[in-house]
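A.B. asks: Before I ask anything, here is the structure I am working with.
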Amino acid sequence: MKKFVAFVLVLLLALAGWWFSGPYLTVHGLAQAIEQRDTTRLERYVDFPRVRLSLRAQVSDYMVRQAGPDVAGSPFGALLYGLGDQLGGAAVDTMITPMGIGALLQGHALYKRGRNELQGNDSWGPTQPAQPLKQAKGRFERLDRFVVDLDRGPGQPPLQVVLEPQGLRWQVVDLRNAVPQ
């Protein structure tokens, strides 16, 4: 009986260790995929459909709040809002895909090359890799939600990357500002 209890206890500790290390392993894998500009591996760590839905809702909310109640309530405002919602949604749908992220990472490489931020002294050498998760700080919001805070620079609220379990692995499911607008 003691061996059975010890086995169950060890099994529970192993499961807890696996569960609580999952988000940290995901953040590490995501950072490596970004540094290596590997969009195929990026798909493993990001639930692109859920992120697109969330960002579309955030863009729509932002546009309504920027327009104000007077414009949003008028027929002309509704027309403008509909047009803006379509354009903003199309931009989100285009950029929040593996290919869109790949294009952003390629643009980052061109930007680094233009600023002469290269590895070594070779002008034809590779650029410094993108490392947006280098100073990331993570925490559990709930047992099934892990939030990573990314510092975007002075005067800007941190970007929060939200991870949730999707089957047996953790994935990015949302991006949000830390401070409500």
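Take the sequence shown: its letters are residues 926 to 1106, numbered as in the working numbering. We put the beta carbon where it would ideally sit given N, CA and C, even for glycine. These numbers come from a predicted model, not from an experiment.
Are at least three pairs of beta-carbons, each pair with one atom in the region 967-979 and one in the region 1089-1102, less than 8 Å apart?
C.D. replies: yes
A.B. asks: DSSP three-state label for residue 1077, please.
C.D. replies: What you label residue 1077 is simply residue 152 of the sequence shown in a count that begins at 1. Residue 1077: coil per DSSP, three-state reduction.
A.B. asks: What's the C-alpha gap between residue 1073 and residue 1079?
C.D. replies: Here residue 1073 corresponds to residue number 148 of the sequence shown, with the count starting at 1. Here residue 1079 corresponds to residue number 154 of the sequence shown, with the count starting at 1. Those two C-alpha atoms are separated by around 18 Å.
A.B. asks: State the CB to CB distance for the pair residue 1076 and residue 1060, rounded to an integer number of angstroms; the pair is presumed to be in contact (CB under 8 Å).
C.D. replies: Here residue 1076 corresponds to residue number 151 of the sequence shown, with the count starting at 1. Here residue 1060 corresponds to residue number 135 of the sequence shown, with the count starting at 1. Contact holds; Cβ gap of about 5 Å.
A.B. asks: Give me the Cβ distance between residue 1027 and residue 964, rounded to the nearest whole Å; I'm assuming they're in contact under 8 Å.
C.D. replies: Here the question's residue 1027 lines up with position 102 in the sequence shown. Here the question's residue 964 lines up with position 39 in the sequence shown. About 4 Å; that satisfies the 8 Å criterion.
A.B. asks: Measuring only the C-alpha atoms, how far is residue 1066 from residue 1084?
C.D. replies: One-based indexing of the sequence shown puts residue 1066 at position 141. One-based indexing of the sequence shown puts residue 1084 at position 159. Cα to Cα, residue 1066 sits roughly 15 Å from residue 1084.
A.B. asks: Cutting at 6 Å between CB atoms, please list the residues of its own chain near residue 1070, excluding the five before and the five after it.
C.D. replies: Residue mapping note: residue 1070 aligns to position 145 of the sequence shown, counting from 1. Within the same chain, residue 1070 has close Cβ partners 1089.
A.B. asks: Hey, residue 1058 and residue 955 are a contact pair by Cβ (cut 8 Å); roughly how many whole angstroms apart?
C.D. replies: The residue you call residue 1058 lines up with position 133 of the sequence shown. The residue you call residue 955 lines up with position 30 of the sequence shown. Indeed, because the Cβ distance is near 7 Å, the residues count as touching under 8 Å.
A.B. asks: For the beta strand (DSSP E) containing residue 1093, name the first residue and the last one.
C.D. replies: Working through the sequence shown from its first residue, we reach residue 1093 at position 168. Element bounds for residue 1093: n/a, residue is neither H nor E.
A.B. asks: Within its chain, find whatever has a CB closer than 7 Å to the CB of residue 972; leave out the 5 residues flanking it on each side and keep chain order.
C.D. replies: The residue labelled residue 972 in the question sits at position 47 within the sequence shown. Counting only Cβ-Cβ distances below 7 Å, and skipping sequence neighbours, we find 1091, 1096, 1097 and 1098.
A.B. asks: Consult DSSP for residue 1012 and reduce its assignment to one of helix, strand or coil.
C.D. replies: On the sequence shown, residue 1012 is found 87 positions in, with the first residue counted as 1. Helix, per DSSP.
A.B. asks: Which residues in the same chain have their Cβ closer than 8 Å to the Cβ of residue 1063, if we skip the five residues on either side of it in sequence?
C.D. replies: The count along the sequence shown starts at 1 and reaches residue 1063 at position 138. Result list for residue 1063: 948, 949, 952, 1071, 1072, 1073 and 1074, in chain order.
A.B. asks: State yes or no: is the C-beta of residue 943 within less than 9 Å of the C-beta of residue 1068?
C.D. replies: Walking along the sequence shown from the start, residue 943 turns up at place 18. Walking along the sequence shown from the start, residue 1068 turns up at place 143. In terms of Cβ geometry, residue 943 and residue 1068 do not form a close pair [threshold 9 Å].
A.B. asks: Within 10 angstroms of the Cβ of residue 939, are there 16 or more other Cβ atoms? Answer buried if so, exposed if not.
C.D. replies: Counting from 1 along the sequence shown, the entry for residue 939 is found at position 14. Its Cβ having fewer than 16 others within 10 Å, residue 939 is exposed.
A.B. asks: Would residue 1013 and residue 990 qualify as a contact pair, given that the criterion is a beta-carbon distance under 9 Å?
C.D. replies: Working through the sequence shown from its first residue, we reach residue 1013 at position 88. Working through the sequence shown from its first residue, we reach residue 990 at position 65. In this structure, residue 990 does not lie closer than 9 Å to residue 1013 by Cβ.
A.B. asks: Could you give the distance in angstroms between the alpha-carbon of residue 1081 and the alpha-carbon of residue 932?
C.D. replies: Along the sequence shown, read from residue 1 onward, the residue named residue 1081 stands at position 156. Along the sequence shown, read from residue 1 onward, the residue named residue 932 stands at position 7. The straight-line gap from Cα to Cα measures roughly 49 Å.
A.B. asks: Compare the Cα-Cα distances from residue 959 to each of 1093, 1102, 1101 and 1025 and report the closest residue.
C.D. replies: As a working note, residue 959 is residue 34 in the sequence shown. Of the listed residues, the one whose Cα sits closest to residue 959 is 1025.
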